[in-house]
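*Asks:*
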Amino acid sequence: MNRKLHVRFFLIIVALFYSKSFFGQNFEIIADNVSKRRAITDTIQSGNFTLGVNSNGGGYITEVSIPGIGNTMGIQAQRYGRGGQSSIRDLSRGGQYNPTQAGFSDEGGTVCEVVKTNGKIVVPSRGCALYNGDGQFDYTRWENIVSDHPNIVDNNNDQDNIEEENLSVTINGITYTQQAAEVYSDFDFYCEYENIKNTANLSIPAIRHYLEYRFVRSSTLPNSPMNQFNIPALTAVGKWSPDKLPTDISTQFPEGIYPGSTTNLNYVSYSWSIRTDVAIWNPIYRYAQKNDNSWEIVQRQGTFNGDISNYKLRFIVADSNNENSGHALGFYLPDTTINTFDVVGINESDGSEAYSDDRTTENFYLDIPYRTPSMSWIGFRKRFKGLIDKSILSATNPGVYEKFRQESILLYGTPAQIKTAFTQLDTYYQTLSNPEFTLKDSSQFEMYPNPTNTDIHLKLNSNESKIEVFNLLGVKIYEALEFSNQTKIPIHQFKETGLYFVRVNNTLKKLVIY
Numbered sequence: 002m003n004r005k006l007h008v009r010f011f012l013i014i015v016a017l018f019y020s021k022s023f024f025g026q027n028f029e030i031i032a033d034n035v036s037k038r039r040a041i042t043d044t045i046q047s048g049n050f051t052l053g054v055n056s057n058g059g060g061y062i063t064e065v066s067i068p069g070i071g072n073t074m075g076i077q078a079q080r081y082g083r084g085g086q087s088s089i090r091d092l093s094r095g096g097q098y099n100p101t102q103a104g105f106s107d108e109g110g111t112v113c114e115v116v117k118t119n120g121k122i123v124v125p126s127r128g129c130a131l132y133n134g135d136g137q138f139d140y141t142r143w144e145n146i147v148s149d150h151p152n153i154v155d156n157n158n159d160q161d162n163i164e165e166e167n168l169s170v171t172i173n174g175i176t177y178t179q180q181a182a183e184v185y186s187d188f189d190f191y192c193e194y195e196n197i198k199n200t201a202n203l204s205i206p207a208i209r210h211y212l213e214y215r216f217v218r219s220s221t222l223p224n225s226p227m228n229q230f231n232i233p234a235l236t237a238v239g240k241w242s243p244d245k246l247p248t249d250i251s252t253q254f255p256e257g258i259y260p261g262s263t264t265n266l267n268y269v270s271y272s273w274s275i276r277t278d279v280a281i282w283n284p285i286y287r288y289a290q291k292n293d294n295s296w297e298i299v300q301r302q303g304t305f306n307g308d309i310s311n312y313k314l315r316f317i318v319a320d321s322n323n324e325n326s327g328h329a330l331g332f333y334l335p336d337t338t339i340n341t342f343d344v345v346g347i348n349e350s351d352g353s354e355a356y357s358d359d360r361t362t363e364n365f366y367l368d369i370p371y372r373t374p375s376m377s378w379i380g381f382r383k384r385f386k387g388l389i390d391k392s393i394l395s396a397t398n399p400g401v402y403e404k405f406r407q408e409s410i411l412l413y414g415t416p417a418q419i420k421t422a423f424t425q426l427d428t429y430y431q432t433l434s435n436p437e438f439t440l441k442d443s444s445q446f447e448m449y450p451n452p453t454n455t456d457i458h459l460k461l462n463s464n465e466s467k468i469e470v471f472n473l474l475g476v477k478i479y480e481a482l483e484f485s486n487q488t489k490i491p492i493h494q495f496k497e498t499g500l501y502f503v504r505v506n507n508t509l510k511k512l513v514i515y
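Written as structure tokens, this is what we have:
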């Protein structure tokens, strides 16, 4: 299979090796007060459009400001279980095992670091909390930080059949007890928000949201939080679904058969959305592009499923059916390697990619103008076969964990402007498939250390090698002809940190300078 990796994908790798994101953060759930969950701690601007995030809740979105209208999120959307964010749910466990970007519940947020640079907000990797399952399964014996869901009546008790009176879990050298230990998932979360208006040469504001759920802790470890979601406990509340256990989680990689099990994450539902307060802005029209490129303009009502069998993964919500006037938001899911090969195996030793796999089974968007009487839900959904526990991978891929990744783009303008931008984005992502940057799996040369901030050493399998180094724009910054089996590239050749490509003869590899 020809896998030409978009240069856009390589940009993500740069952030992966950014020191703060690579080594992670401490895990902390805070008890809520209204001011904390409604806070806008950091903002990113794209033209006259503003997106704000909240570091009290995993960097979830608490501001989507439209010129002339203001922040469309409002009090109805600014809760840790709402806002603008993502989550994943294990459907074999009835969706109850639910790592979520913002936190444990509407009242309990995950504190995180936010790193802001020019045109970008990065939420470095940190522990991801389990959501409270919408009050359908009580897995928390302790409520010392945040109370149970309102639907759960038995406080200071749970339904997981596990003795947790003296619960203690040590993660990354830090010991967690009671409720913090119960809600600390087996996943880390990483994301970034980026202004791509100029990068993609657009005339209207556009902000890209990239995210990762990293299955970095094995569910076989003592006191793993996944153990709380066991078969007897879930069966007792009608949430165990053995029909959602795949016969093989992997599609092509890693090689071999990996059936679904209680050790893995099985048949996963992924969700990315923003919620808006309908009292502030209530766009009544939806523009949906069909697969034949025609546009369907209708009034929004009920729940609309934009399935890929009929619709492209892009749509617009607007307050006017005149496409040249009014306010509108555009939602665009790019056709990229990131979104197609959505599961990646990562070598823990250096963060490099071991393999990637396309595990998608369903891909669609949902437009729900009244998720509640006062709030809308707008975003993308995906279902994929699952993620394999690192303990199972250790037999064939030692030192590898799996992560799930996605990217989407939020745009602002009139419907006509957004439709034009969709076409421009199609062209932009197509042009990033440059044959010059096709990575080849080959042992023709070895390169170390990687990532690095020192000289790069090359071990060559040829007595005559042409060595070239390119930056992300495809500009050659270094070239040499080597007639021995070992050489090095001086670190002073790299004027900036980031991602580069080293080509030896016809083999290309990624290099990260930090």
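Read left to right, the sequence shown gives residues 2 to 515 (the working numbering).
Each residue gets a CB set at the ideal place from its N, CA and C atoms; glycine is no exception.
For residue 418, which residues from the same chain have a beta carbon less than 6 Å from its beta carbon, with the 5 sequence-adjacent residues on both sides left out?
*Replies:* So the qualifying residues of the chain are 205.
*Asks:* Quick one: any contact between the stretch 462-477 and the stretch 368-387, if contact means 3 or more CB pairs under 8 Å?
*Replies:* no
*Asks:* Out of 498, 233, 270 and 197, which one is the CA nearest neighbour of residue 48?
*Replies:* Distances from the CA of residue 48 to each of 498, 233, 270 and 197 were compared; the closest alpha carbon is that of 197.
*Asks:* Helix, strand or coil: which one does DSSP assign to residue 50?
*Replies:* strand
*Asks:* Could you check which residue in 46, 176 and 50 has the C-alpha nearest to that of residue 70?
*Replies:* Checking every option, the nearest Cα to that of residue 70 belongs to 50.
*Asks:* What separation, rounded to the nearest whole angstrom, lies between the Cα atoms of residue 161 and residue 185?
*Replies:* 15 Å
*Asks:* Is the Cβ-Cβ distance between residue 447 and residue 468 less than 7 Å?
*Replies:* no
*Asks:* Determine the burial state of residue 258: buried for a count of at least 16 other Cβ atoms within 10 Å of its Cβ, exposed for fewer.
*Replies:* It counts as exposed.
*Asks:* Fully enclosed by the stretch 170-236, which beta strand (DSSP E) runs are 3 residues long or longer?
*Replies:* 175-178, 185-196 and 207-216
*Asks:* Taking C-beta to C-beta, are residue 81 and residue 127 nearer than 7 Å?
*Replies:* No.
*Asks:* Near residue 301, which residues of its chain fall below 8 Å by C-beta distance, leaving aside the five closest residues on each side in sequence?
*Replies:* 284, 285, 286, 287, 318, 368 and 370
*Asks:* Decide yes or no for the touch test of the stretch 49-69 against the stretch 215-232: beta carbon pairs closer than 8 Å, at least 3 of them.
*Replies:* The stretch 49-69, when compared against the stretch 215-232, does not touch it at the 8 Å Cβ threshold.
*Asks:* Alpha carbons only, please: which of 464, 450 and 465 is nearest the one belonging to residue 458?
*Replies:* Nearest C-alpha to residue 458: 450.
*Asks:* According to DSSP, residue 330 sits in a beta bridge with which residue or residues?
*Replies:* 318 and 413
*Asks:* Give me the Cβ distance between residue 230 and residue 214, rounded to the nearest whole Å; I'm assuming they're in contact under 8 Å.
*Replies:* Actually they do not touch by this definition, with Cβ atoms about 16 Å apart.
*Asks:* Hey, how far is the Cα of residue 96 from the Cα of residue 487?
*Replies:* 53 Å
*Asks:* Nearest-angstrom Cα distance between residue 43 and residue 63?
*Replies:* 10 Å
*Asks:* Is it true that the CB of residue 267 sits closer than 7 Å to the CB of residue 346?
*Replies:* No, the Cβ-Cβ distance between residue 346 and residue 267 is not below 7 Å.
*Asks:* Per the contact definition of three or more C-beta pairs closer than 8 Å, is the stretch 111-127 in contact with the stretch 261-279?
*Replies:* No, because fewer than three Cβ pairs between the stretch 261-279 and the stretch 111-127 fall closer than 8 Å, the two stretches do not touch.
*Asks:* Can you tell me where the alpha helix (DSSP H) with residue 75 in it begins and where it stops?
*Replies:* 75-78
*Asks:* Just to confirm, is the Cβ distance from residue 145 to residue 179 under 7 Å?
*Replies:* yes
*Asks:* List in chain order: all unbroken beta strand (DSSP E) runs of 3+ residues lying wholly within the stretch 266-325.
*Replies:* 266-278, 286-291, 296-300, 305-308 and 312-319
*Asks:* Roughly how many angstroms lie between the CA atoms of residue 308 and residue 106, to the nearest whole one?
*Replies:* Residue 308 and residue 106 have their C-alpha atoms spaced approximately 29 Å apart.
*Asks:* Reducing DSSP to helix, strand and coil, say where residue 487 ends up.
*Replies:* strand
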